[in-house]
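Here's the structure we're looking at; comments come further down.
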Amino acid sequence: MVKNHWNEYAERFTETANKRMTLQCSQQMHSHMQLDHAHDVLEVAAAGGLGSLDIVQYLLVGRSTLPEDIKKTLTVTDLSPVMVGLAEKNLSGAGTENVEIKCKKANGQNLTEVATGSVDRYVAGLCLQLTPDPDAMLREASRVLTADGIAGFTIWGSPDRSGMFTIIPAVNKELGFEENAGKHSFFTLGKDLLSLRKRFALAGFKNVQIWPCQCVVELWSAEDFAKYEHKVYSISSRMTR
């Protein structure tokens with residue numbers, strides 16, 4: 621069901637929410653991951669590869685701190701084959717003699733093709749709150765990382781910081797529509813950071829840093845926001861959310 625949803629939503633998401641909004645938090649996360657020191661980077665839930673293009677910049681000669689003769693690898697994965705296809709298209713020509721880019725289908729909860737301790741950077745944007753078993757995803761991230769590796773996750777934060785994902789339920793509630801009028805379950809992890817830290821610790825992470833990042837949709841009127849929402853979500857996807 622999850623895979624089918626993202627197969628259907630892939631192109632719309634990439635051209636709207638990903639390009640206009642979610643890419644912002646990916647870029648900020650990348651800037652704090654010392655990617656210029658990385659040899660092998662694994663990206664999970666990479667979507668159409670827009671964030672992957674930002675990762676590549678840290679690996680290129682002139683930006684990477686590693687010797688020029690050391691080859692770097694970026695493995696870009698997603699559960700949705702349609703997303704993987706978009707990533708391949710968007711990343712076409714981005715690799716170099718020193719930077720190999722591979723695009724593959726993979727399930728972040730069960731990274732069967734990734735060896736234990738084989739990557740020194742793990743990147744997952746806005747997926748942990750979506751996956752059916754976040755703890756399994758955290759355990760897999762911990763497993764595939766080297767002992768000195770760094771993992772970076774972005775998630776939905778607290779609802780009081782997120783007008784984008786609370787305004788529609790608020791409107792539905794005010795109009796008396798019971799469906800889609802409550803707080804979204806995707807806020808669960810971001811609402812309780814103490815519990816989230818414990819989940820990371822149980823998965824094997826030793827040092828956890830958490831900070832808020834505001835993604836801004838630069839719209840200046842209610843009408844503009846309504847038009848943007850219409851582009852992001854088709855009528856059918858609204859009915860099934």
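621 is the number of the first residue of the sequence shown in the working numbering; add one for each residue after it. Virtual Cβ for every residue (Gly too), placed ideally from N, Cα, C.
Between residue i and residue j, how many whole angstroms is the CB-CB distance? I'm expecting something under 8 Å.
| i | j | result |
| --- | --- | --- |
| Thr636 | Asp656 | Between Asp656 and Thr636 the Cβ distance is about 30 Å, and since that is not below 8 Å, they are no contact. |
| Glu733 | Ala726 | 7 Å |
Indicate the three-state DSSP secondary structure (helix, strand or coil) for residue i in the structure shown.
| i | result |
| --- | --- |
| Arg858 | Bear in mind that the predicted position of Arg858 carries a pLDDT of just 43, short of 50, making it unreliable; the figure below should be weighed with that in mind. Helix at Arg858. |
| Tyr742 | strand |
| Gly769 | strand |
| Lys724 | strand |
| Asn638 | helix |
| Arg632 | helix |
| Asn730 | strand |
| Thr774 | strand |
| Asp812 | coil |
| Glu838 | coil |
In whole angstroms, give me the CA-to-CA distance for residue i and residue j.
| i | j | result |
| --- | --- | --- |
| Thr751 | His625 | 13 Å |
| Ser918 | His659 | Beyond the ends of the chain as shown, which are 621 and 861, falls residue 918; an answer cannot be given. |
| Trp840 | Arg763 | 45 Å |
| Thr693 | Asn710 | 17 Å |
| Ile721 | Gly671 | 13 Å |
| Pro687 | Thr808 | 43 Å |
| Pro779 | His652 | 24 Å |
| Phe845 | Lys623 | 28 Å |
| Leu758 | Arg640 | 28 Å |
| Leu673 | Gly796 | 44 Å |
| Val852 | Leu706 | 17 Å |
| Arg741 | Glu838 | 31 Å |
Could you pull out every residue in the same chain whose Cβ sits closer than 7 Å to the Cβ of residue i, ignoring the five residues on either side in sequence?
| i | result |
| --- | --- |
| Thr716 | Leu680 |
| Ile675 | His650, Leu655, Val661, Glu663, Leu694, Val743 |
Going along the chain, which residues of its own chain have a beta-carbon closer than 8 Å to the beta-carbon of residue i, five neighbours each way excluded?
| i | result |
| --- | --- |
| Ala735 | Val764 |
| Trp776 | Leu746, Gln749, Ser782, Phe785, His804, Phe806, Phe807, Leu809, Gly810 |
If I measure Cβ to Cβ from residue i and keep anything under 6 Å in the same chain, skipping five residues before and after, which residues do I get?
| i | result |
| --- | --- |
| Lys724 | Thr697 |
| Arg817 | Val828 |
| Thr860 | Because Thr860 carries a pLDDT of 39, less than 50, the predicted location of this residue cannot be relied on, and no value is offered for it. |
Flag residue i as yes when its Cβ comes closer than 8 Å to any non-hydrogen atom of the ligand NAD, and as no otherwise.
| i | result |
| --- | --- |
| Val622 | Among the ligands in the structure shown, none appear at all, so the ligand NAD cannot be discussed. |
Subject >> Runs of beta strand (DSSP E) wholly within the stretch 655-718 (minimum 3 residues, chain order) >> reply: Taking only runs of at least 3 residues, the beta strand (DSSP E) segments lying wholly in the stretch 655-718 are 660-664, 692-698.
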